[in-house]
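Per my numbering, residue 1143 is the first one in the sequence shown, and the count goes up by one each step.
Ideal placement from N, C-alpha and C gives every residue a C-beta, glycine not left out.
Nothing here was measured: the structure is a model prediction, and the numbers come from that model.
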Amino acid sequence: MQTLTVTREASYTLNFLVYIQNVYLNQENSTETARFPYMPITYSFRDDFERQYAVLWQELVGRIQQHPANDTGIFAEEQEMFYSRLFEDDNQNWSDYTALYRSYRSWWESLAGHFSLERALDDKAEKVYSALAEWIKAEGLELKKKLTMSVLYDENLLGGTSPSAYFVTVPLRLFYVDDADLLVKLQVSVYEDEQRIIAL
């Protein structure tokens, strides 16, 4: 049996989508409890934002799963793609979106962003890896490749979170609040047999 190899990374691209999602949710649901980031600007999102977001999420997960090294390139080189797919097109909105993009990049590239997200998982991840390795051994599974966990700073509420073979998006919260649910997500992602996935 192949040894369990898990790659844990925090995606520029997918976390930027969650960042945009949270701005949208804060704007649509004006409640006392806002998600990060809270922006005092009103953005003109597309009328079909939620559908467009879900489609874009699945598309980008597929691209990153196929070629993980492309993640930063997508974020850096396809800035306009996020805008055209999710926002109404006008000069003021483009200016506001550009400021949002810079705000995310500034946070993400600071010690408070990407670095802190990955460091927050060090001890918690080890416990989950051990439980997953024990389960794989007990099931007698033959792993075909490494498992990739793409860690999100917040939940992806609009894009769907179904794990695919050997790739799963995981919000930070699961490591601290519901590691049993996290373990199930990881188990599903290493199953190749559709019937066994359904049995879970």
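Straight-line gap, residue i to residue j (C-alpha atoms, nearest Å)
i	j	result
glutamine 1221	phenylalanine 1158	10 Å
serine 1132	phenylalanine 1229	Since the first residue shown for the chain is 1143 and the last is 1342, residue 1132 is missing from the structure and cannot be characterised.
glutamate 1170	glutamate 1276	43 Å
alanine 1218	glutamate 1251	12 Å
serine 1292	lysine 1269	17 Å
isoleucine 1339	asparagine 1235	Bear in mind that the predicted position of isoleucine 1339 carries a pLDDT of just 43, short of 50, making it unreliable; the figure below should be weighed with that in mind. Taking the straight line joining both Cα atoms gives about 43 Å.
isoleucine 1278	tyrosine 1308	13 Å
phenylalanine 1224	alanine 1280	43 Å
serine 1258	tyrosine 1180	19 Å
leucine 1325	leucine 1167	28 Å
leucine 1300	leucine 1294	13 Å
arginine 1177	leucine 1314	14 Å
lysine 1327	glycine 1255	24 Å
threonine 1147	leucine 1283	13 Å
glutamine 1337	threonine 1184	Bear in mind that a pLDDT of 38 at glutamine 1337, under 50, signals an unreliable position, so the number given afterwards is only what the model happens to contain. Between glutamine 1337 and threonine 1184, the C-alpha separation is close to 46 Å.
alanine 1341	serine 1306	Unreliable placement is indicated for alanine 1341, whose pLDDT of 47 sits below 50; the coordinate value is still reported in the next sentence. The straight-line gap from Cα to Cα measures roughly 16 Å.
serine 1245	aspartate 1296	17 Å
asparagine 1233	proline 1182	18 Å
alanine 1241	serine 1331	36 Å
Residue from the options with nearest C-alpha to residue i
i	options	result
isoleucine 1162	Thr1311, Ile1206, Asp1321 and Asp1238	Asp1238
aspartate 1231	Pro1182, Asp1320, Phe1187 and Asn1212	Phe1187
valine 1165	Leu1274, Ser1292, Tyr1243 and Phe1257	Tyr1243
threonine 1311	Gln1200, Ile1183, Gln1194 and Tyr1195	Gln1200
arginine 1261	Arg1150, Thr1145 and Leu1146	Arg1150
glutamate 1192	Pro1210, Gly1302 and Asp1213	Gly1302
alanine 1152	Gly1204, Thr1175 and Leu1263	Leu1263
alanine 1267	Gly1255, Asp1320, Gly1282 and Asp1296	Asp1320
tyrosine 1083	Ser1226, Ile1183 and Arg1247	Any property of residue 1083 remains undetermined from this structure, which presents the chain solely from 1143 to 1342.
valine 1197	Thr1147, Leu1156, Ser1245 and Trp1249	Leu1156
asparagine 1298	Tyr1195, Ala1322, Gly1204 and Ile1206	Tyr1195
leucine 1274	His1209, Ala1211, Ile1206 and Tyr1333	Tyr1333
Bounding residues of the alpha helix (DSSP H) (the contiguous stretch that carries residue i)
i	result
leucine 1242	1233-1250
arginine 1205	1191-1208
serine 1258	1258-1261
alanine 1218	1213-1219
glutamate 1268	1264-1281
aspartate 1320	Per DSSP, aspartate 1320 belongs to no alpha helix (DSSP H) and is neither H nor E.
phenylalanine 1158	1154-1170
Beta-ladder partner(s) of residue i, from DSSP
i	result
proline 1313	Leu1294
phenylalanine 1229	Phe1187
serine 1306	Phe1309
leucine 1289	Val1148
Residue range of the unbroken beta strand (DSSP E) whose run includes residue i
i	result
arginine 1150	1148-1151
Any non-hydrogen atom of the ligand MG within 7 Å of residue i CB
i	result
threonine 1149	With respect to small molecules bound, the structure shown includes none, and the ligand MG cannot be examined in it.
Legend entry - Inter-stretch contact (C-beta, 8 Å, three-pair minimum) for the region 1278-1292 and the region 1173-1190: no
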